[in-house]
Amino acid sequence: MNIAVVLAGGTGSRFGADKPKQFLMLNGVMVIEHSIRLFESIDDIDEIVVVVHRDYVGFMRQVVAERGWRKVTRVIEGGEERYHSTLNAVRALMDYVWHGERVNIILHDAARPWLTADIVERTVAALQHYDAVAVGIRSTDTIWRCKEEGDVTVAGIPPRSEMWRAQTPQAFELGVLVEAYRRALKDSVFVATDDCGVVHRYMPEVEISVVEGSEANRKVTFKGDI
0 MNIAVVLAGG TGSRFGADKP KQFLMLNGVM VIEHSIRLFE SIDDIDEIVV VVHRDYVGFM
60 RQVVAERGWR KVTRVIEGGE ERYHSTLNAV RALMDYVWHG ERVNIILHDA ARPWLTADIV
120 ERTVAALQHY DAVAVGIRST DTIWRCKEEG DVTVAGIPPR SEMWRAQTPQ AFELGVLVEA
180 YRRALKDSVF VATDDCGVVH RYMPEVEISV VEGSEANRKV TFKGDI
């Protein structure tokens, strides 16, 4: 079973609008709708879970009912940090783990409304061979590692051929993600930037396959992105 989780729990503080960016209009529908409609249309996706800020749970449930989305089974509350939203989704799906069923969870940021079916389908296909799959694109820019001790200075320049820019979705066999977070939450200095980072750090024995994304699969962060 493949379950898509649309993560939209943020408040959009950097965006500067009067509502979270995922609820702003883009080409006639809300930003969040683009991802949900895409997952609804893909045969490989069996179920959709939507994670939103607690103030928008009721609103989102009403939207789901009005749109008639068949695959959306749950609208749940997000958390203060992004990883809290992932954890809330994982906890909502724990019944599958206990029943011993193989479940893949495909986590996607609602703020990336230009995702395509091709990327999703290649991600799901990779899950037939790997328990963790990341989507990313090769960096066309040189990346600097810098230090900030007074003035900012260049501390290192990794080979550009090894550098990839992370996108979403990021996908996992559900049990792997559960175990990675179980280990992470025991770490008193745990900090998460994304879910692949959690698996990579706390379950290094799990190989993470990379599926090539697209420059078009960009993220809405500032008003200019809309």
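Mapping of the sequence shown onto numbering that gives the first Met the number 0: position 200 corresponds to residue 199, and the numbering continues sequentially without gaps. Every residue gets a Cβ at the ideal spot worked out from N, C-alpha and C, and that includes glycine.
Find out if the Cβ-Cβ distance for the pair residue i, residue j is shorter than 8 Å.
{"i": "residue 37", "j": "residue 180", "result": "no"}
{"i": "residue 92", "j": "residue 167", "result": "no"}
{"i": "residue 235", "j": "residue 44", "result": "For residue 235 there is no data in the structure shown, the boundaries of the chain being 0 and 225."}
{"i": "residue 216", "j": "residue 114", "result": "yes"}
{"i": "residue 133", "j": "residue 144", "result": "no"}
{"i": "residue 56", "j": "residue 176", "result": "no"}
{"i": "residue 197", "j": "residue 191", "result": "yes"}
For residue i and residue j, I'd like the C-alpha separation in whole angstroms.
{"i": "residue 131", "j": "residue 206", "result": "7 Å"}
{"i": "residue 59", "j": "residue 27", "result": "17 Å"}
{"i": "residue 121", "j": "residue 208", "result": "11 Å"}
{"i": "residue 203", "j": "residue 171", "result": "14 Å"}
{"i": "residue 219", "j": "residue 20", "result": "8 Å"}
{"i": "residue 211", "j": "residue 193", "result": "17 Å"}
{"i": "residue 117", "j": "residue 150", "result": "44 Å"}
{"i": "residue 25", "j": "residue 108", "result": "16 Å"}
{"i": "residue 54", "j": "residue 75", "result": "11 Å"}
{"i": "residue 97", "j": "residue 73", "result": "19 Å"}
{"i": "residue 123", "j": "residue 173", "result": "13 Å"}
{"i": "residue 224", "j": "residue 178", "result": "36 Å"}
{"i": "residue 81", "j": "residue 23", "result": "20 Å"}
{"i": "residue 162", "j": "residue 184", "result": "28 Å"}
{"i": "residue 214", "j": "residue 129", "result": "24 Å"}
{"i": "residue 186", "j": "residue 39", "result": "37 Å"}
Excluding the five sequence neighbours on either side, which residues of its own chain have a C-beta within less than 7 Å of the C-beta of residue i, listed in chain order?
{"i": "residue 164", "result": "135, 136 and 138"}
{"i": "residue 84", "result": "6, 8, 50, 77 and 78"}
{"i": "residue 141", "result": "156 and 159"}
{"i": "residue 71", "result": "35, 47, 49 and 63"}
{"i": "residue 152", "result": "145 and 146"}
Leaving out five residues on either side along the sequence, give the residues of the same chain with a beta carbon under 6 Å from the beta carbon of residue i.
{"i": "residue 33", "result": "112"}
{"i": "residue 119", "result": "41"}
{"i": "residue 147", "result": "none"}
{"i": "residue 61", "result": "none"}
Shorter than 7 Å, the distance from the beta carbon of residue i to the closest heavy atom of the ligand GTP, or not?
{"i": "residue 155", "result": "With respect to the ligand GTP, the structure offers nothing, as it holds no ligand at all."}
In the DSSP assignment, find the unbroken alpha helix (DSSP H) run with residue i in it and report its ends.
{"i": "residue 6", "result": "From DSSP, residue 6 is part of no alpha helix (DSSP H) but of the beta strand (DSSP E) over 1-7."}
{"i": "residue 154", "result": "Unbroken run through residue 154 is the beta strand (DSSP E), 150-155; no alpha helix (DSSP H)."}
{"i": "residue 187", "result": "First-last for residue 187: undefined, no H or E at that position."}
{"i": "residue 62", "result": "56-66"}
Classify residue i as helix, strand or coil using the three-state DSSP reduction.
{"i": "residue 97", "result": "helix"}
{"i": "residue 173", "result": "helix"}
{"i": "residue 33", "result": "helix"}
{"i": "residue 24", "result": "strand"}
{"i": "residue 83", "result": "helix"}
{"i": "residue 199", "result": "helix"}
{"i": "residue 146", "result": "strand"}
{"i": "residue 213", "result": "coil"}
Sorted by chain position, which residues of the same chain lie with C-beta nearer than 8 Å to residue i's C-beta, five sequence neighbours on each side aside?
{"i": "residue 260", "result": "The structure shown does not extend to residue 260, since the chain is modelled only from 0 through 225, so no value can be given for it."}
{"i": "residue 110", "result": "7, 9, 20, 21, 30, 218, 219 and 220"}
{"i": "residue 195", "result": "131, 133, 165, 169 and 207"}
Specify, as a first and last residue, the run of the beta strand (DSSP E) that residue i falls within.
{"i": "residue 133", "result": "131-137"}
{"i": "residue 120", "result": "Not the beta strand (DSSP E): residue 120 falls in the alpha helix (DSSP H), residues 116-125."}
Compare the C-beta of residue i against all C-beta atoms of chain C and say whether one is closer than 8 Å.
{"i": "residue 26", "result": "The chain inventory of the structure shown lacks chain C, comprising one protein chain alone."}
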